[in-house]
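Heads up, the sequence shown is in our numbering, so the first residue is 2 and it goes up one at a time. First comes the structure, then the notes that go with it.
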Amino acid sequence: MGRAKLVDVQVMLSWAWSMTWKGLYTILSLSKTVSQKGISLTKKAMKQVESRLQLNPLLPKWDILIQPL
C-alpha cells in the first residue's frame with residue numbers, strides 16, 4: 002500500500018475515495034460540524050455502538066469492523 006501525505010481535506014478525501022476492500026469502495030462524506038469536547042454517550046447508547054464493533058482476529062489492536070445498522 003502506498004503512502005499519502007495528508008496535507009489538506011481534499012487530499013484526504015481523494016485518498017479515502019480511492020481505497021477499496023474486496024472490490025468495494027469507501028462511502029464517506031465530509032462533516033464540517035465541530036463537536037463539543039467532553040461529550041459522552043450514555044451507557045445504553047454506548048452498548049448499541051459496541052454491539053456493532055468487531056475486532057479483526059489478525060490485527061485486534063488496530064483493525065475494527067463496524068457493522069452497518
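Ideal placement from N, C-alpha and C gives every residue a C-beta, glycine not left out.
Proximity below 7 angstroms, CB of residue i to CB of residue j
i, j, result
"Leu29", "Ala46", "no"
Helix, strand or coil at residue i [DSSP, three-state]
i, result
"Trp16", "helix"
"Gln49", "helix"
"Gln37", "coil"
"Gln11", "helix"
Nonlocal neighbours in the same chain, by C-beta distance under 8 angstroms from residue i, ignoring five residues either side
i, result
"Met2", "Here Met2 scores only 48 on pLDDT, less than 50, and its place in the model should not be relied on; the value that follows carries that caveat. Closer than 8 angstroms at Cβ, skipping near neighbours: no residue."
"Ile65", "Leu54, Gln55, Leu56, Asn57"
Residues of its chain near residue i, where Cβ-Cβ distance is below 6 angstroms and the 5 sequence neighbours each way are ignored
i, result
"Trp63", "none"
Cβ-heavy atom distance, residue i to the ligand SAM, below 6 angstroms
i, result
"Pro61", "This structure lacks the ligand SAM, and indeed carries no ligand of any kind."
CA nearest to the CA of residue i, picked from the options
i, options, result
"Gln68", "Val10, Leu54, Pro58, Val12", "Leu54"
"Ser32", "Ser19, Gln11, Tyr26", "Gln11"
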